[in-house]
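A.B. asks: The structure is given below, and queries will be raised subsequently.
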Amino acid sequence: MQARRLGLTVGVVTRAGPDISLAELLPKMSLAGRQSKATTTFENIYADGHRRQRVLTQAESLSADDVPAEWRSAPLVLMGPVCGEVPAELAEVFPQSLAGVSAQGWLRGLDADRRVQRQAWSGAPFWRGARIVFVSDEDLEGHEEQVDRWAEETPIVAVTRAGRGARVHSDGAWREIAAFPADEIDPTGAGDVFATAFLARLHETDGVADATRFACAAAACSVEGPGTDRIAGRAVIEERMARHPEIALR
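Residue 116 in my numbering sits at position 113 of the sequence shown; the count goes up by one each step and never skips.
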């Protein structure tokens, strides 16, 4: 949705059950992937700035074969699994693309009651072939050492920190940025907005600092309404940036 509101042409590879209409949920987007028996559904409980989650139902996994051949040369690609449904090697399907991976879905395990548990990733490197790894500090809880490996093997790593902004590793150094002011109503999806906006801006400017500011401003806009209601277009994001020139990657 953020990509569409930035004026990009969007294709989505996903799996969902017969209970929802992807065409209605994702209007004006091209869709690919097979139907699943169920749709991945989370229960989110927010308390004291933290989120607890339980997976109620789960779709089957994607495979490289689900990606149409003509999409494999897309200029921008963001892989964003929510619970391990994307194969670790998928970024290698897009050798010509500016590819980003959201680590979240690879760092989620489920206990016997299907509650989400943080886990270290022990499989094949899901970041191989990607230029950027996106992750939240919440997703890293208890396994923070993973970031050091990603920073060694990936050009850019961005760690979002909710109301505390983000920190970004590039060119051998970590830098930080504060969060843009926001009247938070619903923080769900802010990390995905950040990743999408960062990737889009980086493709336009090739500037890490500018992409980080743009992504932080986009995320701040998105939390000010329920669901996708306040995911902003370019003009609104840039107006938020202009109001706060003091907020920058340092």
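C-beta: ideal position from N, C-alpha, C; glycine also.
Treat the numbers as computed from the prediction; the structure is a model and nothing was measured.
Would you kindly check if the distance between the Cβ of Asp142 and the Cβ of Arg121 is under 8 Å?
C.D. replies: yes
A.B. asks: Along the beta strand (DSSP E) that carries Arg55, what are the first and last residues, could you check?
C.D. replies: His53 to Thr60
A.B. asks: Quick one, are the C-beta atoms of Ile180 and Arg134 less than 8 Å apart?
C.D. replies: no
A.B. asks: Classify Ala106 as buried or exposed, calling it buried when 16 or more other Cβ atoms lie within 10 Å of its own Cβ.
C.D. replies: buried
A.B. asks: In the DSSP assignment, the alpha helix (DSSP H) including Gly83 goes from what residue to what residue?
C.D. replies: Following the DSSP letters along the chain, one finds Gly83 in no alpha helix (DSSP H), marked with neither H nor E.
A.B. asks: Return the Cβ separation of Glu187 and Glu227 in integer angstroms, given the expectation that the two are a contact with Cβ distance under 8 Å.
C.D. replies: 7 Å
A.B. asks: Compute the Euclidean distance between the alpha carbons of Gly10 and Ser225, then round it to the nearest angstrom.
C.D. replies: 16 Å
A.B. asks: Would a check of beta-carbon distances place Val138 closer than 8 Å to chain C?
C.D. replies: Going by chain labels, chain C is absent from the structure shown, which holds only one protein chain.
A.B. asks: Would you mind stating whether Ala200 and Ala182 have Cβ atoms separated by less than 8 Å?
C.D. replies: Against a cut-off of 8 Å, the Cβ pair of Ala182 and Ala200 comes out as no contact.
A.B. asks: Distance, Cα to Cα, Gly230 vs Ala185?
C.D. replies: 15 Å
A.B. asks: Could you pull the start and end residues of the alpha helix (DSSP H) that Val70 belongs to?
C.D. replies: Looking at the DSSP string, Val70 is not in any alpha helix (DSSP H), and its letter there is neither H nor E.
A.B. asks: State the start and end residues of the unbroken alpha helix (DSSP H) segment that holds Thr215.
C.D. replies: Val211 to Ser225
A.B. asks: Just verifying my parser: in three-state terms, what is the DSSP assignment at Arg164?
C.D. replies: coil
A.B. asks: Go through its chain and collect everything with a Cβ distance to Ser139's Cβ below 6 Å, but skip five positions before and after it.
C.D. replies: Thr163 and Gly194
A.B. asks: Quick test of your reading: Arg111 and Gly83, contact by CB under 8 Å. State the CB separation rounded to the nearest angstrom.
C.D. replies: No, Arg111 and Gly83 are not in contact; Cβ-Cβ is about 12 Å, not under 8 Å.
A.B. asks: Measure how close the beta-carbons of Arg118 and Arg57 come, nearest whole angstrom, since I'm counting them as under 8 Å.
C.D. replies: 5 Å
A.B. asks: How long is the line joining the alpha carbons of Ala72 and Ala214, rounded to whole angstroms?
C.D. replies: 29 Å
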